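As structure tokens, the structure follows; a few thoughts come after it.
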Amino acid sequence: MLSRVISATVLGVDALRVDVEVDMALGLPNFSVVGLPEGAVKEARVRVESAIKNSDADFPQRRITVNLAPADLRKGGTAFDLPIALGLLSASEPLDRAILDRTLVFGELGLDGDVRPVPGALSMAVMARAENLTSIVCPEACAAEAAVVGGLEVFGVRKLREVVDHFAGQAALVPVHVDPEQALTRSGAEPVDFSDVRGQEHVKRALEVAAAGGHNLLMVGPPGSGKTMLARRLPGILPPPAFEEAVETTKIYSIMGLLRPGVALIGHRPFRAPHHTVSDAGLVGGGTTPHPGEVSLAHNGVLFLDELPEFRKNVLEVLRQPVEDGCVTISRASMAVTFPARFMLVAAMNPCPCGYLTDPVHLCLCSAAAIQRYRAQVSGPLMDRIDIQVEVPAVPYRDLVHHSPGETSAAVRERVVRARAVQAERFAALPGVRCNAHMAAAQVQRFCRLGPAEAALLEQAVRRLGFSARAFERILKVTRTIADLAGSESLTTEHLAEAIQYRSLDRALGSPAAAA
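In this note's numbering, the protein residues as written are 23 to 538.
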């Protein structure tokens with residue numbers, strides 16, 4: 023007897039359909055799983071047998087063969103437990119095949135018949151809708167996440183017996199409904215606010231420009247100047263994610279098993295701050311079966327690298343592709359997986375090894391050679407990819423003791439949202455371009471036209487500071503963002519001058535004379 027149950031496996035951040043075919047034939051009792059199963063899938067036979075017996079059902083004493091098709095695709099995880107159990111029970115239970123053939127089924131089984139959550143429910147739901155299926159049966163803990171997709175009846179279950187009774191027509195399950203708008207609603211006020219920061223008005227302005235255009239940013243300053251404090255307040259001024267962005271982010275966190283219980287959709291932009299001891303695989307992803315790294319977990323949000331020169335140089339160099347392309351591709355002998363990684367790179371570093379080169383109070387004892395070695399940890403190509411570079415001086419005493427409350431994050435976010443709305447209208451016909459930082463060379467040439475006076479100013483800056491072609495292009499992108507914040511369609515010399523000053527560290531960080 024042959025039965026089939028539709029399930030799925032996750033590859034990268036997307037799910038692929040897998041047909042679980044169960045054949046039961048006469049012969050000595052045996053249970054084998056074929057179709058390139060990994061260890062957790064092979065162990066399913068033990069969990070499935072115990073779960074069926076502990077759910078008051080008869081386990082068939084026959085020669086059982088389970089094929090996971092397509093057979094040339096490697097399968098991992100525990101999501102096949104539930105569909106395998108359903109395939110076996112179809113031999114002794116009168117299940118409705120018409121409904122089962124239009125239903126995606128996945129979930130892990132406990133030995134007592136409990137149905138436990140598995141990662142990747144959102145990706146599987148997206149796949150089910152693309153395959154024109156009508157319903158999903160999944161663990162109760164995953165039901166809200168899967169229901170976000172819409173267009174499907176999603177049934178959450180806690181016990182194997184509930185699933186069997188549902189397909190046998192003995193007890194109907196109640197579908198789960200989720201309002202996407204409500205799922206996107208912020209959980210509350212930001213825990214930190216821009217008004218907490220004392221002084222540093224020019225750095226706040228740089229952060230506002232970076233948020234408005236999605237630009238990468240580097241802060242250089244002595245210890246205690248507020249670099250980390252400022253970076254952690256950046257998510258509070260970013261616009262809330264659109265539904266498509268929230269789905270993209272949630273898919274990544276789902277396959278990594280990082281969604282909090284009860285969270286159907288991540289309605290805020292992620293902020294990731296890996297320690298400088300992170301490996302290259304931890305940063306961009308890797309493993310025998312590739313998994314996303316920190317750059318993908320920061321997708322549509324912020325990746326903050328504190329103490330940038332302390333990261334190993336090979337780790338920093340692997341950032342080039344995701345920073346430039348918005349994705350990272352991990353190749354293995356048997357597969358190549360691409361993970362999304364469109365994030366804002368925000369970094370902080372000291373001006374020298376001791377940190378006090380630019381501090382007016384503390385004396386720096388670092389030699390010119392030591393400073394040069396320290397700064398050389400950040401390569402020129404990576405520095406070129408950072409749109410905004412700003413110095414963060416020590417906070418003066420008067421700002422510490424006589425500080426009136428500054429602008430709140432909400433006030434700054436209003437201006438950022440208005441600027442992003444202008445960009446959304448500008449790039450409406452360009453797929454994949456959501457803000458100024460995402461523009462390709464053709465879009466920069468089209469949307470960042472300079473007048474004669476502005477062109478002369480930029481030419482002078484390029485000659486004096488030795489900007490590369492990439493830095494030249496990024497100056498134009500930042501200029502476009504500053505004009506958007508000002509509500510101006512044309513780029514003026516004031517907008518361009520401000521953008522140029524955000525590249526002033528290019529020569530300072532790369533020149534031995536400047537370090538001396």
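All C-beta atoms in this analysis are idealised placements derived from N, C-alpha and C, irrespective of residue type, glycine included. Computed from a prediction, not measured in an experiment: that's the story for all the values here.
- Secondary structure of leucine 38 (DSSP, three-state): strand.
- In the three-state reduction of the DSSP assignment, methionine 278 falls in the coil class, being assigned neither a helical nor a strand state.
- Taking a contact as a CB-CB distance under 8 Å, the pair arginine 407 and glutamate 346 counts as one, their CB atoms being some 6 Å apart.
- Counted as a single uninterrupted DSSP element, the alpha helix (DSSP H) harbouring threonine 501 occupies residues 491-507.
- In terms of Cβ geometry, valine 500 and isoleucine 410 form a close pair [threshold 8 Å].
- Its chain contains Pro261 as the residues whose beta carbon lies nearer than 7 Å to that of valine 439, once the 5 sequence neighbours on both sides are disregarded; these appear in chain order.
- Its chain contains Asn76 as the residues whose beta carbon lies nearer than 6 Å to that of aspartate 134, once the 5 sequence neighbours on both sides are disregarded; these appear in chain order.
- Boundaries of the beta strand (DSSP E) harbouring alanine 369: 366-371, taken from the DSSP string.
- A distance below 8 Å between beta-carbons, with the five flanking residues on each side excluded, links valine 300 to the following residues of its chain, in chain order: Glu316, Phe333, Val337.
- Shown here, glycine 61 sits in a helix according to DSSP, grouped into three states.
- Distances from the alpha-carbon of valine 219 to those of Ser426, Arg67, Ser276, Arg485 put Ser426 closest.
- Contact check for valine 137 against valine 179 passes: the beta carbons are separated by less than 8 Å.
- Restricting attention to Val171, Glu175, Asp80, the CA atom closest to the CA of leucine 206 is found in Val171.
- Taking each of Thr271, Ala152, Ala228 in turn and checking the Cα distance to leucine 256, the smallest one comes out for Ala228.
- Cβ neighbours of glycine 142 within its own chain (closer than 7 Å, five residues either side excluded): Val32, Ala37, Ser276, Ile277.
- In this structure, the CA atom of proline 244 is about 10 Å from the CA atom of cysteine 386.
- Lysine 97 sits away from valine 70, with the two beta carbons spaced by 8 Å or more.
- Leucine 131 is not a Cβ neighbour of alanine 152, given a cutoff of 8 Å.
- Distances from the CA of tyrosine 378 to each of Ile393, Val214, Arg448, Leu90 were compared; the closest alpha carbon is that of Ile393.
- Around the C-beta of glutamate 267, 16 or more other C-beta atoms lie within 10 Å, and the residue is accordingly described as buried.
- In terms of CA proximity to glutamate 115, Ile74 leads the group Ile74, Ser145, Ala91.
- Bridge pairing for alanine 358: Ser353 [DSSP].
- Straight-line spacing of the CA atoms in glycine 473 and alanine 451 works out to 26 Å.
- Going by beta carbons, alanine 286 and alanine 370 fall outside the 8 Å limit.
- Taking C-alpha positions only, valine 186 is separated from serine 356 by approximately 37 Å.
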